[in-house]
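Residue numbers (my numbering): 8 to 310. By construction, the Cβ of each residue, glycine as well, lies at the ideal position given by its N, Cα and C atoms. Worksheet: one structure, shown below.
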Amino acid sequence: MTYQVNSLHPLFAAEMLGFDLDAEITTEDVDLVEHLMAEHAVLVLRGLTPSDEGHLRFARSFGPLELPPKMSDRPSTLKYRISPELYDISNLDADGTIIPADDPRTKFNLGNERFHTDSSFNALPSKWSLLLSYETPAEGANTEFIDTRVVYDSLSDGMKKRLEGLKAVHDLWGVRAKYEYGGAVSEEMRRLMPPVEHDVVRVSASGRKALYIGKHASHIVGMDEKESDALLAELMEFATEPRFIYSHQWRPGDLLIWDNRCTLHRGTTFNRFTDRRDLRRATINEYGPETSSTGALMANAAQ
Numbered sequence: 008m009t010y011q012v013n014s015l016h017p018l019f020a021a022e023m024l025g026f027d028l029d030a031e032i033t034t035e036d037v038d039l040v041e042h043l044m045a046e047h048a049v050l051v052l053r054g055l056t057p058s059d060e061g062h063l064r065f066a067r068s069f070g071p072l073e074l075p076p077k078m079s080d081r082p083s084t085l086k087y088r089i090s091p092e093l094y095d096i097s098n099l100d101a102d103g104t105i106i107p108a109d110d111p112r113t114k115f116n117l118g119n120e121r122f123h124t125d126s127s128f129n130a131l132p133s134k135w136s137l138l139l140s141y142e143t144p145a146e147g148a149n150t151e152f153i154d155t156r157v158v159y160d161s162l163s164d165g166m167k168k169r170l171e172g173l174k175a176v177h178d179l180w181g182v183r184a185k186y187e188y189g190g191a192v193s194e195e196m197r198r199l200m201p202p203v204e205h206d207v208v209r210v211s212a213s214g215r216k217a218l219y220i221g222k223h224a225s226h227i228v229g230m231d232e233k234e235s236d237a238l239l240a241e242l243m244e245f246a247t248e249p250r251f252i253y254s255h256q257w258r259p260g261d262l263l264i265w266d267n268r269c270t271l272h273r274g275t276t277f278n279r280f281t282d283r284r285d286l287r288r289a290t291i292n293e294y295g296p297e298t299s300s301t302g303a304l305m306a307n308a309a310q
């Protein structure tokens with residue numbers, strides 16, 4: 008195929024036109040997308056015909072799936088609206104009805120309006136997220152992105168030196184409890200997804216250094232709470248300056264890919280109780296088997 012690639016932001020992000028999600032994915036296609044992702048960190052494939060099958064086939068061309076977490080050791084009785092291998096990033100229940108305000112999932116979804124990187128609370132490294140649009144509101148519901156390689160490059164030399172060797176704890180449940188969203192957290196949920204540590208500065212696939220922070224980063228290892236909170240707040244305040252942000256306005260048929268190792272993102276508000284939003288996300292790891300993070304944790308615990 009012949010593709011057209013256009014820049015979407017002065018610092019990062021691009022769109023690729025002419026891709027067919029139902030066509031065979033060639034080695035050349037894979038190499039091109041890998042190259043564009045290393046360069047731009049965020050890539051939009053436009054004008055696709057959405058399907059779970061095509062979505063999953065495309066995602067698996069770039070790495071093993073990170074499956075949605077299983078929050079219980081017991082067999083699931085959940086009813087699925089979409090493929091169970093995909094994350095449901097919508098305001099719809101299993102029957103396709105808009106989720107009401109008093110549903111716990113509404114509170115949980117509101118947490119996604121703070122800048123984060125997907126699955127940083129997992130021990131397995133998350134490579135990319137691939138979010139495919141089926142139905143979008145007329146207004147709002149943009150997704151905003153930050154390339155944390157650009158942010159790191161813009162830090163002062165003194166701050167770069169201060170961050171050398173630091174690790175942050177990423178804790179899904181602790182951070183959600185701290186900011187009072189996400190509903191009740193059981194001991195079983197905490198057991199299946201415990202806190203993990205990651206370097207504050209990571210080397211990205213492009214070889215550039217990137218900040219690895221966001222809402223799931225609860226504190227800096229070995230630093231007192233006040234100093235840790237102040238440092239993370241300072242980094243987030245700097246990273247979220249408007250000059251660093253690309254805001255994506257969704258169209259049906261967009262497949263938005265971002266590198267979780269060097270970006271932050273968040274959803275923006277919309278009329279979630281009147282307007283339908285149907286987006287579905289595949290997430291891939293750098294390596295390993297196809298498994299949920301909780302499945303990997305349980306397997307490790309059994310060894």
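Boundaries of the beta strand (DSSP E) in which residue i is found, first to last residue
i    : result
R209 : 208 to 210
L218 : 216 to 218
A21  : 21 to 24
D59  : Careful: D59 lies outside any beta strand (DSSP E), inside the alpha helix (DSSP H) at 59 to 67.
I96  : 94 to 97
Residue closest to residue i, alpha-carbon to alpha-carbon, out of the options
i    : options                : result
C269 : D206, L24, D27         : D206
L117 : V176, E234, R279, S211 : R279
P202 : V158, A48, K216, A224  : A224
G283 : W257, G25, L43         : In the sequence as presented, Gly is not what sits at residue 283; that position holds Arg. Taking only the C-alpha atoms, the option nearest R283 is W257.
V208 : E171, E232, V228, E244 : E171
D59  : D36, H42, Y87          : Y87
S235 : H177, P17, P259        : H177
S161 : P91, E232, E248        : E248
V40  : L173, L137, S163, T104 : L137
A212 : F115, D27, R156, M230  : R156
Sequence-distant residues of its chain with Cβ nearer than 8 Å to residue i (five each side left out)
i    : result
V51  : L15, A20, A21, E22, M23, H255, D261, L262, L263, I264
F277 : P144, E146, G147, A148, R284
V210 : K216, A217
I32  : R64, F65, S68
P82  : Reliability of the predicted coordinates at P82 is poor, the pLDDT of 47 falling under 50, and the value obtained from them is presented with this limitation in mind. Closer than 8 Å at the Cβ level, and outside the excluded window around P82, lies no residue.
D110 : D100
H123 : G221, K222, H223, L271, H272, R273
V37  : S68, F69
L239 : A175, I220, A224, H226, I227
G103 : R88
L43  : V12, A21, M23, L50
Whole-angstrom C-beta distance between residue j and residue i, which should lie under 8 Å
i    : j    : result
D126 : D285 : Just to set this straight, residue 126 is Ser in the shown sequence, not Asp. Going by Cβ atoms, the distance from S126 to D285 rounds to 21 Å, so no, they are not a contact pair.
P132 : E293 : 5 Å
R250 : R121 : 20 Å between Cβ atoms; not a contact.
M166 : W180 : Rounded, the Cβ-Cβ distance is 29 Å, inconsistent with contact.
F65  : W135 : Not a contact, Cβ separation roughly 11 Å.
E153 : I227 : Position check: residue 153 holds Ile in this sequence, whereas Glu was assumed. Not a contact, Cβ separation roughly 20 Å.
L93  : A289 : 6 Å
G214 : P71  : 23 Å between Cβ atoms; not a contact.
P17  : E142 : Wrong, their Cβ atoms sit about 31 Å apart, outside the cutoff.
V158 : A45  : With a Cβ gap of about 17 Å, V158 and A45 do not count as contacting.
E151 : T275 : 6 Å
Cβ shell of residue i (< 7 Å), same chain only, five flanking positions each side left out
i    : result
S79  : In this prediction, S79 scores a pLDDT of 45, lower than 50, which makes its location untrustworthy; the coordinate-derived value is nonetheless stated afterwards. So the list reads E195, once near-sequence residues are dropped.
T298 : L74
I106 : N98, L99, D100, R112, T113
D95  : R88, I89, R287
T9   : G25
H169 : The sequence as given places Arg at residue 169; His does not occur at that position. Counting only Cβ-Cβ distances below 7 Å, and skipping sequence neighbours, we find nothing.
A108 : F280
D29  : T56, G61
N119 : R273, G274
Host alpha helix (DSSP H) of residue i (start-end)
i    : result
N13  : That residue, N13, is in no alpha helix (DSSP H); its beta strand (DSSP E) goes 11 to 14.
A45  : 34 to 47
F128 : It is not in any alpha helix (DSSP H) - F128 carries neither H nor E in the DSSP assignment.
T341 : An answer regarding residue 341 cannot be provided, because it is not within the stretch 8 to 310 covered by the chain.
L117 : 111 to 117
Neighbourhood of residue i by C-beta distance below 6 Å, restricted to the same chain and skipping five residues each side
i    : result
L139 : P57, H62, L262, R287
A130 : V203
A48  : F19, D154, D266, C269, T270
I220 : L242
V12  : A21, M23
R197 : W180
G54  : G260
L173 : V207, I227
Residue i Cβ short of 7 Å to the ligand NAP heavy atom set
i   : result
Q11 : In terms of ligand content, the structure shown is empty, and the ligand NAP therefore cannot be addressed.
Runs of beta strand (DSSP E) lying entirely within the region 223 to 300, each at least 3 residues, in chain order: Counting whole runs of 3 or more residues, the region 223 to 300 contains the beta strand (DSSP E) stretches 224 to 227, 252 to 255, 262 to 266, 270 to 274, 285 to 292.
In the region 133 to 183, which residue ranges form an unbroken beta strand (DSSP E) of at least 3 residues, counting only runs that do not cross its ends? Secondary structure within the region 133 to 183: the beta strand (DSSP E) runs of 3 or more consecutive residues, fully enclosed, are 133 to 142, 150 to 154, 174 to 177 (chain order).
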